[in-house]
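Everything below concerns the one structure shown next.
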Amino acid sequence: DAKTTQPPSMDCAEGRAANLPCNHSTISGNEYVYWYRQIHSQGPQYIIHGLKNNETNEMASLIITEDRKSSTLILPHATLRDTAVYYCIVRVAHTGNQFYFGTGTSLTVIP
Amino acid sequence: DAGVIQSPRHEVTEMGQEVTLRCKPISGHDYLFWYRQTMMRGLELLIYFNNNVPIDDSGMPEDRFSAKMPNASFSTLKIQPSEPRDSAVYFCASSFGSGHSSYEQYFGPGTRLTVT
Numbered sequence: 067d068a069k070t071t072q073p074p075s076m077d078c079a080e081g082r083a084a085n086l087p088c089n090h091s092t093i094s095g096n097e098y099v100y101w102y103r104q105i106h107s108q109g110p111q112y113i114i115h116g117l118k119n120n121e122t123n124e125m126a127s128l129i130i131t132e133d134r135k136s137s138t139l140i141l142p143h144a145t146l147r148d149t150a151v152y153y154c155i156v157r158v159a160h161t162g163n164q165f166y167f168g169t170g171t172s173l174t175v176i177p
Numbered sequence: 022d023a024g025v026i027q028s029p030r031h032e033v034t035e036m037g038q039e040v041t042l043r044c045k046p047i048s049g050h051d052y053l054f055w056y057r058q059t060m061m062r063g064l065e066l067l068i069y070f071n072n073n074v075p076i077d078d079s080g081m082p083e084d085r086f087s088a089k090m091p092n093a094s095f096s097t098l099k100i101q102p103s104e105p106r107d108s109a110v111y112f113c114a115s116s117f118g119s120g121h122s123s124y125e126q127y128f129g130p131g132t133r134l135t136v137t
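Protein chains in written order, with the working numbering: chain A, 67 to 177; chain Z, 22 to 137.
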């Protein structure tokens, strides 16, 4: 699976949009982009995933560049409960379902 | 659904003792994963099962570690003998497999293991 690069940490003001970038320049055509987050002491939680098109759900939006070499997770109105480590993962959907988590981005939402 | 259930939530044991961690996946999921998380190494995949069969155990650190899945609703991760460097949070996760486009994994609350 392709390697991803994320900034180690970010801050965001409460109520503002949090934009978390991820670089996956070696992504293959059949690899999906997944985002998970881990709130302190809890298990990782699925947020969203996509292949080519931008995606939106009740938690977040995922913007994938046209060349698919990078993506941005957007939390439209960050709250204190969004403080967590966010992981960007790329994987081929049919290969055994395993995910390889990197170091992620530690997002701190500031009151 | 109650989600992925793990027990115990906390385990403190002495070096050399056997430790057994337990996991009940979400009903209907056919994949089960065991992960270990430490500050130094982050979240590591140890082993995963498909339809109760171990598929890839290349992440299991040593022969002291073993995992079983006797049926679709139960799995164990055993460490024998335990060592202080095994101290970590162990997560179990489950997911649907083929035929589902998203494959997202659902994680349990974890077992915090401390070996003294």
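Idealized CB from N, CA, C, for every residue including glycine.
Treat the numbers as computed from the prediction; the structure is a model and nothing was measured.
Anyone know if the C-beta pair for residue i and residue j falls short of 8 Å?
i	j	result
Ala144(A)	Arg103(A)	no
Ile26(Z)	Gly118(Z)	no
Ser172(A)	Cys154(A)	no
Ala79(A)	Ile140(A)	no
Tyr56(Z)	Leu66(Z)	yes
Glu125(Z)	Ser115(Z)	no
Phe14(Z)	Ser28(Z)	Not covered by the structure: residue 14(Z). The range shown for chain Z is 22 to 137.
Ala88(Z)	Pro75(Z)	yes
Met60(Z)	Val136(Z)	no
Leu134(Z)	Glu32(Z)	yes
Leu86(A)	Tyr166(A)	no
Leu42(Z)	Tyr111(Z)	yes
Considering only residues of the same chain and omitting the five flanking positions on each side of residue i, which have a CB-CB separation below 6 Å?
i	result
Thr71(A)	Asn89
Tyr100(A)	His115, Ile155
Pro73(A)	Thr171
Leu64(Z)	Tyr56, Gln58
Ile176(A)	Asp77, Ala79
For chain A, is any of its Cβ atoms less than 8 Å away from the one on residue i?
i	result
Phe128(Z)	yes
Gly49(Z)	no
Phe70(Z)	no
Leu134(Z)	no
Ala32(Z)	For the sequence presented, residue 32(Z) should be read as Glu rather than Ala. For Glu32(Z), the answer is no, since every Cβ of chain A falls outside 8 Å of its Cβ.
Phe86(Z)	no
Leu98(Z)	no
Glu125(Z)	yes
Leu67(Z)	no
Leu64(Z)	yes
Gly139(Z)	Since the first residue of chain Z shown is 22 and the last is 137, residue 139(Z) is not available in this structure.
Going by alpha carbons, who is nearest to residue i out of the options?
i	options	result
Lys69(A)	Glu121(A), Tyr112(A), Lys135(A), Ile130(A)	Lys135(A)
Arg62(Z)	Leu42(Z), Thr135(Z), Cys113(Z), Arg106(Z)	Arg106(Z)
Gly131(Z)	Asn96(A), Ile93(A), Ser107(A), Met76(A)	Ser107(A)
Asn73(Z)	Pro91(Z), Lys99(Z), Thr137(Z), Pro102(Z)	Pro91(Z)
Lys45(Z)	Leu134(Z), Phe54(Z), Asp78(Z), Ala109(Z)	Phe54(Z)
Arg147(A)	Gly81(A), Leu117(A), Pro74(A)	Gly81(A)
Gln38(Z)	Ser108(Z), Pro82(Z), Cys113(Z)	Ser108(Z)
His50(Z)	Val40(Z), Thr34(Z), Gly24(Z)	Gly24(Z)
Gly95(A)	Leu117(A), Ile176(A), Gln111(A)	Leu117(A)
Ile93(A)	Thr174(A), Val175(A), Gly168(A), Asp133(A)	Asp133(A)
Ser94(Z)	Thr34(Z), Ser48(Z), Glu104(Z)	Ser48(Z)
Met125(A)	Pro142(A), Val175(A), Gly109(A)	Pro142(A)
I'd like the list of long-range same chain contacts for residue i, defined as Cβ closer than 8 Å, with 5 residues on each side in sequence excluded.
i	result
Asn7(A)	Because residue 7(A) is not part of the residues shown, which for chain A are 67 to 177, the question remains open.
Using a Cβ-Cβ distance under 8 Å, would residue i count as near chain Z?
i	result
Tyr112(A)	yes
His115(A)	yes
Gly95(A)	no
Tyr166(A)	yes
Gly109(A)	yes
Thr169(A)	yes
Quick one: what's got a C-beta closer than 7 Å to residue i's C-beta in the same chain, skipping five residues either side?
i	result
Arg85(Z)	Ile100, Gln101, Pro102
Asn123(A)	Ile114
Arg157(A)	Asp67, Glu97, Tyr98, Tyr100, Phe165
Tyr112(A)	Tyr102
Gly80(Z)	Glu65, Leu66, Leu67, Ile68
Below 7 Å, is the gap between the Cβ of residue i and the nearest heavy atom of the ligand MN?
i	result
Tyr98(A)	For the ligand MN, the structure offers nothing, since it holds no ligand at all.
Starting from the N-terminal side, write out each stretch of the beta strand (DSSP E) that is 3 residues or longer and does not extend beyond the region 62-123 of chain Z. Listed in chain order, the beta strand (DSSP E) runs fully inside the region 62-123 of chain Z are 63-71, 74-77, 86-92, 95-100, 109-116, counting runs of at least 3 residues.
Considering only residues of the region 94-175 of chain A, which uninterrupted beta strand (DSSP E) runs meet the minimum length of 3 residues and lie entirely inside it, listed in chain order? 97-104, 111-116, 127-130, 136-141, 150-158
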